[in-house]
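Shown next, in structure tokens, is the structure this report addresses.
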Amino acid sequence: MASSRPVAAGDQVFLVDGSSFIFRAYFQSMNQDSKYNTRISDGMPTGAVRLFVTKLLQFIRDGAAGLKPTHLAIVLDKSEGSFRKELYEDYKGHRPDPPSDLIVQMPLMREAIRAFGLDPIELERYEADDLIATYTQEAKARGANVLIISSDKDLMQLVGPLVCFYDFESGAKGKPGYRAERNLDEAAVTEKWEGLPPEKIGDLLALMGDSSDNVPGVPGIGLKTAAQLIKEFGDLETLLARADEIKQPKRRETLIANADMARLSKKLVTLDCEAPLPVPLDALPVPDLDAKSLIAFLKAMEFNTITRRVADLYEVDLAAIEPDPRLMPGGASIRWERLGATDTAAEGSSPAAPVSGEAGPNGFVGTPSQLAAQRATHASSQGFDTASYETIMDIEVLKSWVAQAREQGYVALDTATSALDPNLADLVGIALALKPGRAGYVPLQHRGDSDLFGGGMLPGQIPLADALAVLKPLLEDPSVLKIGQDIKYDWVILCRHGIEVRPFDDTMLISYVLDAGKGPHGMDELARRHLGHSPMTWAEVAGTGKGKVSFERVELDKATAYAAEDADVTLRLWQVLKPRLPAEGRATVYETLERPLVDVIGRMEMRGISVDRQILSRLSGDFAQSLARLEDEIQEIAGEKFNLGSPKQIGDILFGKMGLPGAKKTPSGQWATPATLLDELAQAGHLLPEKILEWRQLSKLKSTYTDSLQQHMHPQSKRVHTSYALASTTTGRLSSSEPNLQNIPIRTEAGRKIRRAFVAPEGSKIISADYSQIELRILAHIADIPQLQEAFAQGIDIHAATASAMFGVALDQMNPDLRRQAKTINFGIIYGISAFGLAQRLSIPHGEAATFIKQYFERFPGIRAYMDDIKKMTRENGYVTTLFGRVCHYPQIKSGNPNERAGVERQAINAPIQGTAADIIRRAMARMEGALKAERLSAKMLLQVHDELVFEAPDDEIAATLPVIARVMTDAPFPAVALKVPLGVDARAAQNWDEAH
DNA sequence: CCTATCACG
DNA sequence: GACGTACGTGATAGGA
């Protein structure tokens with residue numbers, strides 16, 4: 001930088017602590033959508049650079065804290081050999097290396113600074129703090145104002161009449177731990193440090209230490225004590241000299257014993273104001289921004305939005321500026337290669353478990369020619385061009401598409417339907433894609449929009465039956481792979497037309513296996529992530545609000561553009577994703593835990609479960625009566641009418657009007673009225689909360705279950721058909737919706753009445769089979785806890801056994817309360833326990849809960865080791881795996897927010913346990929049909945509730961069926977995994993679900 | 001559309 | 001020393 005302008009009184013010098021600035025940018029980037037964090041064309045991490053540049057541009061143009069800089073320095077730390085390290089070996093010694101994806105961005109940060117016409121300022125042996133201190137002194141001496149921009153509290157020492165401190169934004173808006181930017185003057189700094197002025201901060205830090213830099217300080221002395229001592233004695237030296245005057249004996253002794261440590265700490269935290277400056281202060285004027293060099297940089301980084309903004313701001317022609325060639329993908333100044341694929345197969349080369357009794361059509365993986373075709377077409381994939389999509393109205397043309405699909409051995413497909421529920425929807429058309437960009441749509445049941453003709457079928461479409469007759473051989477051809485996105489939907493639709501699609505691949509499930517935890521697996525999201533393309537949205541096709549039409553009314557060209565594109569996108573996604581399965585060692589997970597479930601669950605959804613409408617409507621009536629009665633009573637007690645469904649109004653009455661204790665606000669500032677709190681109030685003898693609780697319970701049961709379930713009964717089958725999502729959880733569990741049949745009440749008597757409405761038809765029974773304590777068994781295996789393994793092996797009550805080990809009470813002397821506490825602790829461990837949470841749940845003091853946890857860890861040391869291993873693995877790899885090799889990614893582990901990180905750690909601790917249980921029941925489901933068929937049993941699987949399977953079976957087969965089901969479930973882990981604990985399964989049959997459970 | 005609450009494992 | 005506090009879901013109602 002050539003320019004120079006002397007700093008004088010009234011000037012404004014900005015001194016930016018570049019390292020902390022960059023770290024903040026990095027951690028903030030980890031909180032944002034990951035699609036902003038890598039350069040599209042080569043995957044290089046650039047998220048931190050993007051935020052850094054954005055913020056720097058803002059500083060230069062708009063200033064900060066209402067001030068605009070005349071001079072600006074971005075000061076960095078040289079990586080090695082600070083003089084402090086020579087003083088104290090452990091200085092910053094415990095700091096982990098910066099994350100690797102930040103390290104690769106550091107050279108780009110320096111490039112970014114230069115692109116703004118600035119020079120990064122750094123000096124061997126000195127830290128950024130010392131250079132900032134020295135610049136500050138010099139600027140003060142000239143009478144200029146200084147703004148120090150940093151998050152490092154050491155630098156607050158420099159604040160004074162001319163010098164302010166500016167701590168920029170941290171965390172993400174709306175998330176816990178968010179801090180807005182703030183500007184600290186001398187008064188604010190004094191307030192922050194317990195009333196002591198900035199020049200005393202060094203003494204304070206010398207006493208209290210600084211954990212972030214590993215400055216030792218004096219043990220047992222924190223901010224409060226340090227401040228009190230300095231106030232009393234004036235400064236550190238005086239304090240140490242007169243330490244024998246301190247009244248508290250313990251404190252006196254530690255201070256005397258650690259006086260040298262305090263003096264050393266003082267040296268470490270004291271800033272060197274006489275560092276040799278690599279660039280003189282006068283050489284730091286804010287340069288005139290050279291938009292061309294900045295844009296060349298931004299273009300190379302592919303920051304399109306910022307690039308356009310800069311071009312607008314500085315009125316330059318974007319097209320005239322080339323991206324900086326040194327920084328472009330593969331450029332001379334870039335050290336970045338895509339990370340190589342690693343094989344992390346859990347089951348290794350051992351043969352996968354046979355998945356269904358027979359080899360099955362879905363043993364298909366892809367012939368060599370298919371895979372070759374896949375690679376070849378991928379290399380030549382072209383852009384999305386709606387114009388080249390074909391509307392297929394001629395059966396001969398359809399036949400030629402079918403022939404080509406058979407020829408190449410694979411085809412992507414997407415069915416277009418009239419509704420979202422595959423059990424209700426009509427087939428409206430089918431889209432096929434053969435190659436990227438080559439896709440067609442076969443309209444089958446589109447209707448005209450003219451009401452005059454009753455919206456009859458549009459002319460010219462291939463008759464449904466004719467088209468299906470041509471398609472069926474293709475869709476059932478074992479040598480042609482059918483590729484779909486969420487293909488269970490298409491499978492069910494086509495199954496209802498007598499076509500059993502096989503074999504198939506599902507891009508959604510492939511994505512789920514590879515990237516669970518990285519984001520949703522819907523087509524739009526995957527297209528954006530992997531193809532950089534946003535497909536046409538449903539709203540664009542069907543419209544919104546009043547003008548919304550169902551797909552059968554969409555014009556054919558629009559329908560073609562939409563449906564053919566979906567098939568095209570699906571094919572391209574398959575080309576990107578499928579090769580990653582073997583490359584990343586996840587093929588076995590996909591083949592044993594995902595693909596086999598598609599048709600198994602498809603059949604469960606089609607079967608539905610029989611529900612007795614009479615029982616439900618009678619219950620609805622009963623609940624309505626009780627609710628009305630309660631409403632009256634509550635109004636009587638409260639003395640006014642109000643909406644019982646509104647927590648806000650309940651809070652106003654209980655805490656505002658009646659002044660009951662325990663009032664708390666939710667994060668959004670409303671009254672919090674959770675059941676636990678109302679229950680406490682009820683226990684204390686208050687009638688109103690008790691009545692409200694009762695009202696809430698019944699109201700929930702009525703609206704969510706007895707009313708809603710009736711709405712969900714299928715008009716023809718008269719049964720309830722849920723929909724299972726195979727790829728919606730991070731851990732591998734299924735989820736159920738519309739209606740959710742995985743949360744049917746069971747814990748209360750009123751709730752259980754609802755379960756009784758789930759019945760078996762005349763002549764058959766409901767069978768419920770559930771794993772007993774499966775997650776605790778998995779914990780006992782994974783964390784390798786001999787006592788728990790032993791207890792399971794002997795069939796001892798596991799919570800009692802835990803209580804016995806922890807509290808030293810013999811099993812035959814066990815009291816129910818100790819057992820209950822042990823049970824809570826057992827679950828707490830699975831979920832990543834905290835003393836606070838345990839204390840709250842057991843209503844015991846915090847300290848007591850902490851002791852329990854400590855005891856648990858001492859009795860079962862494997863738990864500690866397991867938790868530490870998981871945390872380490874998550875930090876190092878960003879993911880954890882189940883026993884069967886399913887991956888759960890936790891990118892948020894790198895969050896800058898310690899609370900959020902702790903939350904992610906708890907998730908990561910739970911995931912292998914919950915996920916392994918999910919894998920096991922998936923394996924059981926995949927094998928169940930084959931096993932029943934082999935025994936000539938006609939039981940049908942209807943529902944899955946995480947650790948439970950529900951069946952319907954003829955009365956005369958029950959006795960033979962129960963042991964088969966139990967055996968398949970018990971043996972599900974074999975042969976892939978040999979658990980060190982037996983799995984227990986309880987299976988029972990009855991006329992309804994409540995009695996079977 | 002978001003928040004609070006509550007049903008399940 | 002503060003901060004927030006057990007994991008995974010989906011449905012409903014109120015309120016902006």
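So that you can map any letter, position 251 of the first sequence is 251 in UniProt numbering, and since no number is skipped, the others follow by simple counting.
The beta-carbon is built from N, C-alpha and C at its ideal position, and this holds for glycine as well.
All values reported here derive from a predicted model rather than from experimental measurement.
Taking all protein chains shown into account, decide if residue i is buried (16 or more other Cβ within 10 angstroms of its Cβ) or exposed.
i: Gln840; result: exposed
i: Asn37; result: buried
i: Val549; result: exposed
i: Ser211; result: exposed
i: Thr307; result: buried
i: Gly429; result: buried
i: Tyr314; result: exposed
i: Arg901; result: buried
i: Ser511; result: buried
i: His714; result: exposed
i: Asp955; result: exposed
Express the C-alpha separation of residue j and residue i in angstroms, rounding to a whole number.
i: Gly930; j: His946; result: 21 Å
i: Ser768; j: His530; result: 42 Å
i: Arg792; j: Ile798; result: Just to set this straight, residue 792 is Phe in the shown sequence, not Arg. So the alpha carbons of these two residues sit roughly 7 Å apart.
i: Ala569; j: Lys435; result: The question names Ala, but residue 569 is Val in the sequence shown. Going by the C-alpha atoms only, they are around 10 Å apart.
i: Val16; j: Thr704; result: 56 Å
i: Thr824; j: Ile853; result: 11 Å
i: Ala387; j: Ala561; result: 8 Å
i: Leu577; j: Tyr890; result: 20 Å
i: Arg696; j: Leu678; result: 11 Å
i: Thr731; j: Glu948; result: 17 Å
i: Ala672; j: Lys665; result: 5 Å
i: Thr46; j: Asp129; result: 26 Å
i: Glu605; j: Tyr389; result: 33 Å
i: Leu229; j: Glu194; result: 11 Å
i: Leu57; j: Arg50; result: 11 Å
i: Pro816; j: Val809; result: 12 Å
i: Ile395; j: Ala467; result: 7 Å
Below 8 Å on the Cβ atoms is my contact criterion, and I expect residue i with residue j to pass it. Report the Cβ-Cβ distance as a whole number of Å.
i: Leu943; j: Leu741; result: 6 Å
i: Ala64; j: Leu147; result: 7 Å
i: Ser82; j: Arg125; result: 6 Å
i: His878; j: Met30; result: Sequence check: residue 878 is Gly here, not His. 11 Å between Cβ atoms; not a contact.
i: Met814; j: Ala803; result: 6 Å
i: Val269; j: Asp154; result: 6 Å
i: Gln915; j: Arg886; result: The identity of residue 915 in the sequence shown is Gly, whereas the question assumes Gln. Contact flag correct, Cβ pair sits at about 6 Å.
Please indicate yes or no: does the CB of residue i lie closer than 8 Å to some heavy atom of the ligand MG?
i: Ala319; result: The ligand content of the structure shown is nil, which means the ligand MG is not present either.
Fully enclosed by the region 486 to 571, which alpha helix (DSSP H) runs are 4 residues long or longer?
-> Runs found: 487 to 495, 507 to 515, 523 to 526 and 538 to 542.
Would you mind listing the beta strand (DSSP E) stretches within the region 750 to 820 that are 3+ residues and don't spill past its ends, in chain order?
-> 764 to 772
Report the residue ranges of all alpha helix (DSSP H) runs contained in full by the region 125 to 156; include only those spanning at least 4 residues, in chain order.
-> 128 to 141
Completely contained beta strand (DSSP E) runs for the region 52 to 104, where each covers 3 or more residues = 71 to 75
Could you give the uninterrupted runs of the alpha helix (DSSP H) lying entirely in the region 402 to 485, keeping only those of 4 residues or more?
-> 464 to 475
Considering only residues of the region 688 to 761, which uninterrupted beta strand (DSSP E) runs meet the minimum length of 3 residues and lie entirely inside it, listed in chain order?
-> DSSP runs (the beta strand (DSSP E)) wholly in the region 688 to 761: 723 to 725 and 735 to 737.
Between the region 584 to 594 and the region 645 to 662, are three or more C-beta pairs nearer than 8 Å?
-> In short, these stretches do not touch, since the Cβ pair count stays below three.
Any 3 or more C-beta pairs closer than 8 Å across the region 960 to 975 and the region 869 to 880 | no
Please determine if the region 692 to 706 and the region 607 to 620 are in contact, where contact requires at least 3 C-beta pairs separated by less than 8 Å.
-> yes
Hey, is the region 406 to 421 in contact with the region 594 to 610, meaning 3+ C-beta pairs nearer than 8 Å?
-> The answer is no - the region 594 to 610 does not touch the region 406 to 421, with fewer than three Cβ pairs under 8 Å.
How do the region 284 to 297 and the region 106 to 121 stand: do at least 3 beta-carbon pairs fall below 8 Å, yes or no?
-> yes
Using 8 Å as the threshold, is the region 52 to 69 in touch with the region 322 to 329, meaning 3 or more CB pairs across them?
-> no
For the 8 Å Cβ check, are there 3 or more pairs between the region 399 to 410 and the region 473 to 487?
-> yes
Between the region 770 to 781 and the region 974 to 991, do at least 3 Cβ pairs fall closer than 8 Å?
-> yes
Okay, do the region 827 to 846 and the region 917 to 934 touch, 3+ Cβ pairs below 8 Å being the bar?
-> no
At least three beta-carbon pairs within less than 8 Å, the region 495 to 509 to the region 607 to 615 | no
Do the region 747 to 754 and the region 638 to 647 make contact, defined as three or more Cβ pairs closer than 8 Å?
-> no
Scan the region 181 to 212 and note each continuous alpha helix (DSSP H) run of 4 residues or more that stays entirely inside, going in chain order.
-> 186 to 192 and 201 to 208
Using 8 Å as the Cβ pair cut-off and three pairs as the minimum, do the region 679 to 691 and the region 719 to 730 touch?
-> no
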